[in-house]
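**Student:**
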Amino acid sequence: MQVTNNLQAMGDDDVCPIREILDRIGDKWSVLVISNLADETLRFNALKQRITGISQRMLTETVRKLERNGILTRTVYPTIPPRVEYSLTPLGQTVVGPIQTLIQWADGHSREILAARAAYDIEQEQPVRPIPTPY
């Protein structure tokens, strides 16, 4: 497979675009922010309410990182108090499909992953820990 061959050819010293991109948008919070903005523009507090467990500081860092990388746009309206909205850029929209596919894969295979983890932990004599569900 061409993709596999390309990834195998990239060594640690090479510039690896997939690692670079995953470092920027592949963390759990970025994936959840992107998926929540897939169909609508949201204000900061609406995003925070939808993403269980994210702190205000982490959400701030995440949206700044995504804005810096051209994935989302931040619009400030000159009102009192200021109104700030976030939406995906055209570039950000292009990653929605792959992220939704990954979410569907995780939903469809979570039982298998839990079973494999439990079997491994029993074999290693470690307590079974559930997979946290971020959404």
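If you're matching positions, the sequence shown starts at 3 in the working numbering and goes up one per residue.
For glycine and all other residues, C-beta sits at the position ideal for the given N, C-alpha and C.
(1) Under the three-state reduction of DSSP, which class applies to Val98: helix, strand or coil?
(2) Whose C-alpha, out of Pro92, Leu93, Trp107, Pro84, is nearest the C-alpha of Asn47?
(3) Do you know how far the Cα of Ala118 is from the Cα of Leu24?
(4) Taking the alpha carbon of Asp29 as the point to measure from, which residue in Val65, Arg52, Cys18 has its own alpha carbon closest?
(5) Please list, in chain order, all residues of the same chain as Arg52 whose beta carbon is under 7 Å from its beta carbon, the five residues on each side excluded.
(6) Measuring only the C-alpha atoms, how far is Val110 from Leu34?
(7) Buried or exposed for Ile36, going by 16 or more other Cβ atoms inside 10 Å?
**Tutor:** Result, derived from the coordinates:
(1) helix
(2) Pro84
(3) 25 Å
(4) Val65
(5) Asn38
(6) According to the sequence displayed, residue 110 carries Gly and not Val. Between Gly110 and Leu34, the C-alpha separation is close to 18 Å.
(7) By the 10 Å Cβ count, Ile36 comes out buried.
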